[in-house]
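Enquirer: Residue numbers (this note's numbering): 1306 to 1934. The beta carbon of each residue, even a glycine, is placed where N, CA and C say it ideally should be. Here the structure is a predicted model, which is why all the values come from computation and not from measurement.
(1) Specify the secondary structure class of residue 1700 as computed by DSSP and reduced to three states.
(2) Suppose contacts are defined by Cβ-Cβ distances below 7 Å. Is residue 1358 in contact with residue 1557 by that definition?
(3) For residue 1733, does the count of other Cβ atoms within 10 angstroms reach 16, so buried, or fall short, so exposed?
(4) What three-state label does DSSP hand residue 1361 in the structure shown?
(5) Do residue 1809 and residue 1695 have their C-beta atoms within less than 7 Å of each other?
(6) Return no unless some Cβ of chain D is closer than 7 Å to the Cβ of residue 1805.
(7) Would you kindly work out how many angstroms separate the C-alpha atoms of residue 1555 and residue 1493, rounded to a whole number?
(8) Could you tell me the distance, in whole angstroms, from the CA atom of residue 1868 to the CA atom of residue 1682?
(9) What is the DSSP secondary structure of residue 1815, reduced to helix, strand or coil?
(10) Let me check understanding here. Comparing Cα to Cα, which of 1356, 1534, 1501 and 1455 lies closest to residue 1547?
(11) Would you kindly report the start and end of the unbroken alpha helix (DSSP H) that includes residue 1739?
(12) Just reading off the alpha helix (DSSP H) that residue 1539 is part of, what are its end residues?
(13) Just tell me which of 1461, 1796 and 1707 has its CA closest to the CA of residue 1608.
(14) Spatial neighbours of residue 1688 within its chain, please: CB distance less than 8 Å, with the 5 preceding and 5 following residues excluded, ordered by chain position.
(15) According to DSSP, simplified to helix, strand and coil, what is residue 1638?
(16) Would you please state the rounded distance, in angstroms, between the beta carbons of residue 1820 and residue 1743? I believe it to be under 8 Å.
(17) Pick from 1319, 1863, 1672 and 1745: whose alpha carbon is nearest that of residue 1796?
(18) Return yes when the Cβ of residue 1446 is within less than 7 Å of the Cβ of residue 1620, no when it is not.
(19) Let me know the secondary structure DSSP gives residue 1514 once reduced to three states.
(20) Tell me the residue span of the beta strand (DSSP E) that contains residue 1284.
(21) So, using beta-carbon positions, are residue 1328 and residue 1463 closer together than 7 Å?
(22) Report all residues from its chain with a CB closer than 7 Å to the CB of residue 1404; omit the five preceding and five following residues, and keep chain order.
(23) Grab the span of the beta strand (DSSP E) containing residue 1595 for me, first residue to last.
(24) State yes or no: is the C-beta of residue 1759 within less than 7 Å of the C-beta of residue 1672?
(25) Taking the C-alpha atoms as reference points, what is the distance between residue 1755 and residue 1829?
(26) Pick out whichever of 1804, 1495, 1724 and 1601 has its Cα sitting closest to the Cα of residue 1567.
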């Protein structure tokens, strides 16, 4: 039985050409304008040799020096349009070069971000080398190749046209060495590309080692690993030297090809000159042909081969490295626990569906243990983009469990969870959702760093907008500035929640889940925070602990263990006895916001962002009953 054939990966030239075609097709106008300017070089080359031939045959050798001088003047004047062409070519070159570099940098950065999300512990300095060193190699190499190849094509075309106009038999002495040298040169392309790739691989490996060493100098010194580090550095440097030497040997073969192309045609023409002159070739035509070979063809061939030998192979290898497929996403995992983690699913390659719900639960069942009663039992739920959903229910009804499953922190026992139309993936967690629990995470550091924890690149204007939207000005004033040190132990519980809320507001992912994340705020601060989140385009899911919070939502999900009911507040007051009971327990808290007094007549103390011992969870309790939330 024959073994199944494995798909063979195309070669570097094929891969690069496949990506180059759409790039060049989109810039057809620029290429045509470059060709138009280059026609002036064709004219210069043609008139250079043809004018010398006519100056001799019809001028000086024919006894007409004035005619000879005029033809030489024509050959000389043809240089002026060529200089104008050079200026026009350089003016259009940026339209081909800069978009290439920009596209390569975008590709490298995108691949680095995807790779970091898929393999958080496997990041390397490869992308840094691509964004800096390799993208500049590609930019400079592409610019040089465009200039040289364009000049070669139109110079050779002008010289061949001139030789045909002077004497077609001249091509018998010119073309064979050109073809032979070109064939020898082309034979070196594949091995030279392989040597270039080896050299760049060694360069990347050394760059990665140098980056790790620079970051771990203190640990290396403390562990006494300096000798080992030096040995590794020497081995990597030696590998780079070996790759460079191999590259140099193949460059020697190219020197031979260059000699065959550039030096042999004039030599063969001189050897065949007696035979050509005996068979009708004029002296002027012979001198014109030598002019073409020495002043046009030889310099053009040398420039092209030198460019291809020094830059072309490196350019091919660099561009091929940018065409490599991005690393696959990480394997399935539980995703851990925390505010910015999730779990992986299947169908890793499927892109998000357009206009898909932000989050979907499809017949989800979840229980804490094989023998435990399910907290969620075949629950199906859809959260649309921009929707505000409140989740209410008695303590232990599964509200926090639902928030964890919806955020991808807990994996359901049955059913499926989807974000943006595809299964939950760990790689998507930080870009799709933020989960804020009741106990806010604040670390020792500046207020700026705490707020930018989920979005490190946020600017001052965006920070100011989040501070203003959530009412963080009093805390900012007390600390003094965004760069002031935040010590978590010196913040109240309410202030910690405000910092965490500011962090989520600044990140503004498609899905924001607040699991009693405003429980330590007074009603006014909670209202301001929820209105700020509702103004974002994100979908907002709030585990509510006040009736006002639920009433602000577009929909309310009432949970009582596996039994659920969803609707607006008015609908649920008519159809859900549990919601009516919860609303009744919440009403005292609502009256407090209206008159600012407690049931025994005492004035309500102003909130400092933490619980005051009287207002707690669902409402006011003179003799605290079981919490309804």
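Expert: Let's see:
(1) coil
(2) no
(3) buried
(4) helix
(5) no
(6) Looking for chain D here will not work: only one protein chain is present.
(7) 7 Å
(8) 8 Å
(9) coil
(10) 1501
(11) Careful: residue 1739 lies outside any alpha helix (DSSP H), inside the beta strand (DSSP E) at 1738-1741.
(12) 1531-1583
(13) 1461
(14) 1662, 1663, 1664, 1665, 1694, 1711, 1816, 1844 and 1846
(15) Confidence is the limiting factor: at residue 1638 the pLDDT is only 35, short of 50, which leaves the residue's position unreliable, though a coordinate-based value still follows. Residue 1638: coil per DSSP, three-state reduction.
(16) 6 Å
(17) 1745
(18) yes
(19) helix
(20) The displayed coordinates of the chain run from 1306 to 1934. Any statement about residue 1284 would go beyond what the structure contains.
(21) no
(22) none
(23) Residue 1595 -> not in any beta strand (DSSP E); alpha helix (DSSP H) instead, spanning 1588-1597.
(24) no
(25) 24 Å
(26) 1601
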